[in-house]
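Enquirer: The listed protein sequences derive, respectively, from chains A and B.
In terms of the numbering used here, the first sequence has 87 at position 87, counting the first letter as 1, and numbering is strictly consecutive.
In terms of the numbering used here, the second sequence has 140 at position 140, counting the first letter as 1, and numbering is strictly consecutive.
For reference, the structure I am asking about is given below.
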Amino acid sequence: MIEVRQLRKRFGDQQVLDGVDLTIEKGESLVIIGRSGGGKSVLLKHLVGLTHPDSGQVLVDGRDISHLNERELLAVRRKFGMLFQSAALFDSLTVEENIAFVLARERNHPPEEIARRVAEALEMVEMPGIQKRKPAELSGGMRKRVGLARAIIYRPEVVFYDEPTTGLDPVVSDSIDKLVVRVCERLKVTSIVITHDMRSMQTVGRRVAMLHQGRIYTTGTPADLMASTDPVVSRFVRGISDEKEHTF
Amino acid sequence: MTELPAKVIQSVLAGLGRFSLMVAEVVRSLTTQRLSGHDLMNQLYFIGVKSQTVVLVTGAFTGMVLCAQTYFQFHKVKMDTATLAVVSVSMCGELGPVLTALMVAGRVGASMAAELGTMRVTEQIDALRTLATHPIDYLVVPRVVATMIAVPLLTAESIAVGILAAYLVGVHLLQIDPGYSLVNMQRFTDHRDVLMGFIKSFIFGGIIATTGCYKGMHCGQGAEGVGHATTEAVVYASIAILMSNFFLTLLLTRLLALI
Chain A
1 MIEVRQLRKR FGDQQVLDGV DLTIEKGESL VIIGRSGGGK SVLLKHLVGL
51 THPDSGQVLV DGRDISHLNE RELLAVRRKF GMLFQSAALF DSLTVEENIA
101 FVLARERNHP PEEIARRVAE ALEMVEMPGI QKRKPAELSG GMRKRVGLAR
151 AIIYRPEVVF YDEPTTGLDP VVSDSIDKLV VRVCERLKVT SIVITHDMRS
201 MQTVGRRVAM LHQGRIYTTG TPADLMASTD PVVSRFVRGI SDEKEHTF
Chain B
1 MTELPAKVIQ SVLAGLGRFS LMVAEVVRSL TTQRLSGHDL MNQLYFIGVK
51 SQTVVLVTGA FTGMVLCAQT YFQFHKVKMD TATLAVVSVS MCGELGPVLT
101 ALMVAGRVGA SMAAELGTMR VTEQIDALRT LATHPIDYLV VPRVVATMIA
151 VPLLTAESIA VGILAAYLVG VHLLQIDPGY SLVNMQRFTD HRDVLMGFIK
201 SFIFGGIIAT TGCYKGMHCG QGAEGVGHAT TEAVVYASIA ILMSNFFLTL
251 LLTRLLALI
């Protein structure tokens with residue numbers, strides 16, 4: 001469904017992506033792991049078409065989206081839903097208006113249908129009855145749930161999650177992970193999760209790709225990576241820093 | 001040593017290029033996309049209705065001080081009754097549109113840059129794009145259209161209040177003859193002066209909104225980036241208004257003379 005070929009991106013002197021190759025099949029649940037600042041979010045932005053590569057291709061259903069203009073990309077993005085690291089809810093709108101945003105802009109849905117679908121989406125993320133609240137009144141975990149409701153209300157084919165558990169306590173993180181799994185199973189969507197949280201990786205991932213030095217270093221199941229004897233993988237999954245290397 | 005000027009020139013040209021592309025996208029959106037009436041009304045309320053106080057106070061006090069200063073000079077040569085004519089012509093063609101635009105740039109241009117800048121740094125603009133919505137259609141076009149409608153209306157109010165305030169000061173405080181003053185005002189104020197004010201304020205509205213939106217949409221990271229964008233939106237819009245006013249005066253005087 002999504003294929004990345006030799007993707008390269010440089011910001012100033014830093015080569016962030018240096019020939020990424022990755023294939024994501026329809027319906028799969030892929031977790032992309034890697035060090036902070038290692039280019040995971042940049043890769044995700046390329047997959048959604050928010051950033052253009054210096055070279056390489058991103059094929060969505062066989063169509064290269066890497067050089068489409070913003071208006072051409074809008075139609076492609078209709079297949080995607082994305083949960084941002086900060087949830088990125090629109091401050092000026094209520095929870096209901098945030099979730100209904102796409103449906104309201106399409107102008108062909110009656111208000112009753114929009115209200116019903118918003119209620120369903122909130123039910124799915126276990127946040128019923130908060131339609132009239134403003135994002136500023138919500139906690140971090142609640143904002144992520146509302147962000148997810150906004151991303152799934154129009155039934156996308158692929159849902160992208162940019163570090164969904166960052167900044168949350170372990171209990172809330174676990175509940176978000178379980179929610180990601182449930183959404184994937186119930187809606188039969190392809191899930192692509194960016195994280196450096198190993199617990200998250202094991203809960204939500206069926207396949208894991210590790211990004212290291214701008215390339216996909218290895219892929220496998222979560223169990224494969226946890227049992228890996230490769231020093232780079234092993235150090236990362238166990239959270240052991242290399243004293244010879246700057247880790248910040 | 002030549003690297004620094006080259007970098008500055010490159011940066012200025014790149015900025016102008018991005019600004020031109022944004023304006024072109026606004027025009028494309030206006031001609032191909034349907035503008036949401038709800039979004040437009042929201043912006044009209046914020047830009048037009050909420051700017052009334054500042055614009056009316058500016059207009060009134062500008063008219064009053066202009067009347068007083070003109071009277072003090074004209075009184076020496078016994079031309080008291082030409083005072084309101086000078087106020088009227090100045091308010092319609094120059095002071096009304098320019099001061100209204102500067103006040104709106106300070107209030108609305110800054111607000112647009114800060115709001116859009118905050119949306120950019122908190123990934124809300126990226127979120128819009130993933131929700132299959134072009135940021136120009138949703139954020140920029142309603143603001144540009146609303147500002148280009150609101151500024152001429154605010155200017156008309158400012159001119160009317162300025163002349164009224166000048167009349168009150170001139171007639172009741174400075175004891176100028178009201179009859180001759182009104183006749184002179186009507187005699188010397190041409191419909192071309194009013195038209196010039198309207199055309200200018202329409203263009204100033206476009207300058208305020210496009211500068212504010214551009215600065216917000218392309219602001220740097222963090223609170224510092226939003227702060228810079230807000231300051232630059234007001235400074236650049238104010239300079240552009242004052243500079244374009246000079247050229248518009250020359251151009252419109254020639255063009256309107258043909259009517």
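Note that beta-carbon positions come from the ideal geometry of N, C-alpha and C, so glycine has one too.
1) Taking only the alpha-carbon atoms, compute the straight-line gap between TYR236/B and VAL121/B and give it to the nearest angstrom.
2) Kindly list, in the order they appear in chain B, the residues whose Cβ is closer than 7 angstroms to that of MET82/A.
3) In chain order, what residues of the same chain lie with their CB nearer than 7 angstroms to the CB of ALA60/B, ignoring the 5 residues before and after it?
4) Taking Cβ-Cβ distances shorter than 9 angstroms, what residues in chain A pair up with HIS134/B?
5) Beta-carbon within less than 7 angstroms of ARG77/A's beta-carbon, same chain only, minus the 5 sequence neighbours each way: which residues are those?
6) VAL171/B to LYS76/B, Cα distance in whole Å?
7) What in chain B is Cβ-close to PHE101/A, meaning under 8 angstroms?
8) Check TYR180/B in the structure and name its three-state DSSP category.
9) DSSP on ASP18/A, reduced to helix/strand/coil?
10) If the criterion is Cβ atoms closer than 8 angstroms, does the pair ARG145/A and LEU179/A meet it?
11) Since LEU30/A contacts ARG199/A with CB under 8 angstroms, what's their CB separation in whole angstroms?
12) Could you pull out every unbroken beta strand (DSSP E) segment of at least 3 residues lying fully inside the region 53-79 of chain B, listed in chain order?
13) Measure the Cβ-Cβ separation of ILE259/B and ARG187/B and say whether it is below 8 angstroms.
14) Between PHE90/A and chain B, is the shortest Cβ-Cβ distance under 8 angstroms, so that the two count as touching?
15) Decide yes or no for the touch test of the region 137-151 of chain B against the region 238-255 of chain B: beta carbon pairs closer than 8 angstroms, at least 3 of them.
16) Would you verify that the beta carbon of PHE248/A is, or is not, closer than 8 angstroms to some beta carbon of chain B?
17) Within the region 156-241 of chain A, note down every full alpha helix (DSSP H) run reaching 4 residues or more, in order along the chain.
18) On a CA-only basis, which of PRO110/A, LEU225/A, HIS46/A is nearest PHE80/A? Give me that one, please.
19) Mind checking LEU242/B: buried by the 16 CB within 10 Å criterion, or exposed?
20) Which residues does DSSP pair with PHE11/A in a beta bridge?
21) In chain B, what lies closer than 8 angstroms to SER86/A by C-beta?
22) By Cβ distance below 7 angstroms, which residues in the same chain neighbour GLY39/A in space, the five residues on each side in sequence not counted?
23) Taking DSSP as the reference, what is the three-state secondary structure of THR189/B?
24) Taking contact to mean 3 or more Cβ pairs, one atom from each stretch, closer than 8 angstroms, check whether the region 90-106 of chain A and the region 140-159 of chain A are in contact.
25) Do you know how far the Cα of LYS200/B is from the Cα of ASP137/B?
26) Starting from THR23/A, follow its DSSP beta bridges and name the residues at the other end.
27) Would DSSP call PHE248/A helix, strand or coil?
28) In the region 39-84 of chain A, which residue ranges form an unbroken alpha helix (DSSP H) of at least 4 residues, counting only runs that do not cross its ends?
29) Run through chain B and tell me which residues come within less than 8 angstroms of LEU50/A, C-beta to C-beta.
30) On the criterion of 16 or more Cβ atoms from any shown chain inside 10 Å, does THR31/B qualify as buried, or is it exposed?
31) Is the number of C-beta pairs between the region 177-191 of chain A and the region 213-232 of chain A that are closer than 8 angstroms three or more?
32) Just checking: is the beta-carbon of GLY17/B within a distance shorter than 8 angstroms of some beta-carbon in chain A?
33) At least one CB of chain B closer than 8 angstroms to the CB of ARG155/A: is that the case?
34) Smallest Cα separation from ASP162/A: which of ALA149/A, GLU137/A, THR190/A, LEU83/A?
35) Consult DSSP for SER36/A and reduce its assignment to one of helix, strand or coil.
Expert: A quick look at the data gives this:
1) C-alpha separation (whole angstroms): 21 angstroms.
2) The contacting residues are THR130.
3) Cβ neighbours of ALA60/B beyond the five flanking positions: VAL161, GLY162, ALA165.
4) Close to HIS134/B, with beta-carbon spacing below 9 angstroms, are these residues of chain A in chain order: GLU70, ARG71, LEU74.
5) Sequence-distant partners of ARG77/A (beyond 5 residues in either direction) whose C-beta falls short of 7 angstroms from its own C-beta, in its chain, are VAL48, GLY49.
6) Roughly 17 angstroms separates the two Cα atoms.
7) Identification of chain B residues near PHE101/A by a Cβ-Cβ cut-off of 8 angstroms yields LEU131, THR133, ordered along the chain.
8) Here TYR180/B sits in helix by DSSP.
9) Note: ASP18/A maps to strand in three-state DSSP.
10) Against a cut-off of 8 angstroms, the Cβ pair of LEU179/A and ARG145/A comes out as a contact.
11) Not confirmed; about 17 angstroms, so no contact.
12) Listed in chain order, there is nothing to give.
13) Not a contact, by the Cβ cut-off of 8 angstroms.
14) For PHE90/A, the answer is yes, since a Cβ of chain B falls inside 8 angstroms of its Cβ.
15) When Cβ pairs closer than 8 angstroms are counted between the two stretches, the region 137-151 of chain B is seen not to touch the region 238-255 of chain B, the count staying below three.
16) The predicted model places PHE248/A with a pLDDT of 48, which falls under 50 and marks its position as unreliable; any figure quoted below should be read in that light. It does not; no Cβ of chain B falls within 8 angstroms.
17) Counting whole runs of 4 or more residues, the region 156-241 of chain A contains the alpha helix (DSSP H) stretches 170-187, 198-204, 222-227, 231-238.
18) When each option's Cα is compared against that of PHE80/A, the closest is HIS46/A.
19) Answer is exposed; the Cβ neighbour count stays below 16.
20) PHE11/A is bridged by DSSP to GLN14/A.
21) Chain-order list of chain B residues neighbouring SER86/A: THR122, GLU123, by C-beta distance under 8 angstroms.
22) Its chain contains VAL16, LEU17, LEU211, GLY214 as the residues whose beta carbon lies nearer than 7 angstroms to that of GLY39/A, once the 5 sequence neighbours on both sides are disregarded; these appear in chain order.
23) Note: THR189/B maps to coil in three-state DSSP.
24) Output reads yes: the region 140-159 of chain A touches the region 90-106 of chain A.
25) In a straight line, the C-alpha of ASP137/B is about 25 angstroms away from that of LYS200/B.
26) Paired residues: GLU3/A.
27) Confidence in PHE248/A is poor, its pLDDT being 48 and thus under 50, which makes the residue's placement unreliable; the coordinate value appears in the next sentence. Collapsing the DSSP output to three states places PHE248/A in coil.
28) List check, alpha helix (DSSP H) in window: 40-48, 70-77.
29) What LEU50/A touches in chain B: ASP126, ARG129, THR130.
30) Here THR31/B is exposed, its C-beta having fewer than 16 other C-beta atoms within 10 Å.
31) Taking 8 angstroms as the limit for Cβ pairs, the verdict is that the region 213-232 of chain A does not touch the region 177-191 of chain A.
32) Answer no: the Cβ-Cβ gap between GLY17/B and chain A never drops below 8 angstroms.
33) For ARG155/A, the answer is no, since every Cβ of chain B falls outside 8 angstroms of its Cβ.
34) The shortest Cα separation from ASP162/A among ALA149/A, GLU137/A, THR190/A, LEU83/A belongs to LEU83/A.
35) Of the three classes helix, strand and coil, the one that applies to SER36/A here is coil, per DSSP.
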